[in-house]
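This is the structure in structure tokens:
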């Protein structure tokens, strides 16, 4: 999957998604780490609440 968009675009991805911006041409291994996202409150993805967080809205859109 190629994911390129304009500056400022944010992707919410599974932490084990393989990542490479370009072919590795160096001699040293490249590593990438991502700290876990800590939720402020329990996720709410069902119901009629219109105050969904951006992550909740993204999940709801993905489930449609």
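Residue numbers (the numbering used here): 1012 to 1075. We treat Cβ as the ideally placed atom computed from N, Cα and C, and that holds for glycine.
The straight-line gap separating the alpha-carbon atoms of residue 1067 and residue 1015 is approximately 23 Å. In the DSSP assignment, residue 1069 falls within the alpha helix (DSSP H) that extends over 1065 to 1074.
Sequence-distant partners of residue 1074 (beyond 5 residues in either direction) whose C-beta falls short of 6 Å from its own C-beta are missing from its chain. Rounded to whole angstroms, the gap between the alpha carbons of residue 1061 and residue 1023 is 21 Å.
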